[in-house]
Amino acid sequence: MPYSNRSLRESKSAINENYTNLAFKSQTFESFKDLTIYSKKRDENDNLVEIFLHDKRSSEYNLTITAKQGKIIIQDNSALLEMNRGTIQKYNYLTQKTEIMEFDHYLFNLNDNNSVKASNRLKPNEYFFYELFNLEQNLSESDYQKLITERHERIVDPLLSIVLASIAMAFVMQGEFRREQNSRNILKAITIASLYLILNIISYSFIKHGSIYVTLPYLNFLVFMIISYKALNNNYRLKHVI
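Its first residue numbered 522, the sequence shown is counted upward by one per residue in the numbering used here.
What follows is the structure, given as structure tokens:
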């Protein structure tokens, strides 16, 4: 599951990075988040004529670029716009001043590198099991606790089938074989199994708030296994079958 989640994220990231190159059309103002591009003409080789570009992705300034011609190129998994003979207007939000610069050749990165890095941060369910035991040192407290929770979920969740099967076997077969008795037993088993699942979810939420609670899901499993064992040991039907 972590492998498929991670592969899906990498594929999605690759598509997002090159979305500008795939969707950009000539004679149309195309907007990609805080980036707006216009070109009078675009040929089959991605050559552009009379380019206008407005970039508001930075929180400190915005850029307005015009160029006579250019070309979209893909390099190191990034979409780049190579422009010739144009001007750059840079407006600084803090100083409220505009700087203008002319250029003969300018290479502009169409990818939002900051958002790409943020989107590439792995979620807890995208970590491989061994990675959850070798966590990075620079994690925030919140991220660290989430990964600790994921680690214990990976250990406890496979035990789910064992405890649910034990509950079903212990309580469904209680008492004498009668229709009314069977209905009560099924309802009892469903109630106890639901209680186990609810307590399991609550125990995971506690772990996210502190490592001192890591034993809770294991205690929950142990308690319900003991309850199931005692109920099974006193099972009327099994005693009479034997």
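Glycine included, every Cβ here is placed at the ideal spot set by N, Cα and C.
C-beta atoms of residue i and residue j nearer than 8 Å
i              : j                 : result
serine 520     : arginine 563      : Because the chain spans 522 through 763 in this model, residue 520 falls outside it and cannot be assessed.
leucine 653    : phenylalanine 629 : no
glutamate 581  : tyrosine 614      : yes
leucine 680    : leucine 668       : no
isoleucine 688 : alanine 714       : yes
aspartate 567  : lysine 589        : no
asparagine 646 : glutamate 623     : no
alanine 600    : leucine 631       : yes
Start-to-end residues for the beta strand (DSSP E) that takes in residue i
i                 : result
leucine 556       : 556-563
leucine 628       : 618-630
phenylalanine 553 : 551-553
arginine 572      : The question names arginine, but residue 572 is isoleucine in the sequence shown. Unbroken beta strand (DSSP E) run through isoleucine 572: 568-576.
Of the listed residues the options, nearest to residue i (C-alpha basis)
i              : options                           : result
valine 677     : Ile711, Pro738, Glu603 and Ile669 : Pro738
arginine 731   : Thr616, Ser663 and Tyr651         : Going by the sequence as given, residue 731 is glycine instead of arginine. The shortest C-alpha separation from glycine 731 is found at Ser663.
leucine 753    : Leu602, Gln695 and Arg606         : Gln695
lysine 709     : Ile722, Asn721, Phe692 and Leu720 : Phe692
leucine 685    : Glu671, Thr670, Arg672 and Ile707 : Ile707
glutamate 571  : Ser579, Leu716 and Arg606         : Arg606
glutamine 666  : Ser726, Met690, Ile621 and Leu720 : Ser726
asparagine 583 : Ile621, Val744 and Gln596         : Ile621
methionine 690 : Gln596, Met746, Gln658 and Asn659 : Met746
Alpha helix (DSSP H) segment containing residue i, residue limits
i                 : result
phenylalanine 745 : 737-754
aspartate 482     : Not covered by the structure: residue 482. The range shown for the chain is 522 to 763.
methionine 690    : 681-693
Whole-angstrom distance between residue j and residue i, CA atom to CA atom
i                 : j                 : result
isoleucine 683    : serine 661        : 35 Å
lysine 724        : lysine 554        : Correcting the residue type first, residue 724 is serine in the shown sequence and not lysine. So the alpha carbons of these two residues sit roughly 40 Å apart.
phenylalanine 650 : lysine 751        : 34 Å
threonine 608     : isoleucine 586    : 6 Å
glutamate 674     : serine 704        : 33 Å
glutamine 610     : leucine 574       : 10 Å
leucine 718       : threonine 557     : 50 Å
threonine 619     : tyrosine 612      : 4 Å
isoleucine 728    : phenylalanine 742 : 15 Å
glutamate 565     : isoleucine 594    : 13 Å
phenylalanine 550 : aspartate 576     : 13 Å
threonine 736     : leucine 716       : 18 Å
glutamine 617     : arginine 578      : 17 Å
serine 560        : glutamine 658     : 46 Å
isoleucine 733    : glutamine 596     : 48 Å
valine 744        : asparagine 721    : 12 Å
asparagine 755    : threonine 712     : 19 Å
aspartate 625     : methionine 604    : 8 Å
serine 636        : leucine 740       : For serine 636, the predicted structure reports a pLDDT of 43, less than 50, and the residue's modelled location is therefore unreliable. The matter cannot be settled from this model.
Cross-strand partners of residue i (DSSP beta bridge)
i              : result
isoleucine 595 : Ala600
isoleucine 586 : Leu574 and Ile609
Contact with chain B by residue i, beta-carbon distance below 8 Å
i             : result
glutamate 571 : Here there is only one protein chain, and chain B is not present.
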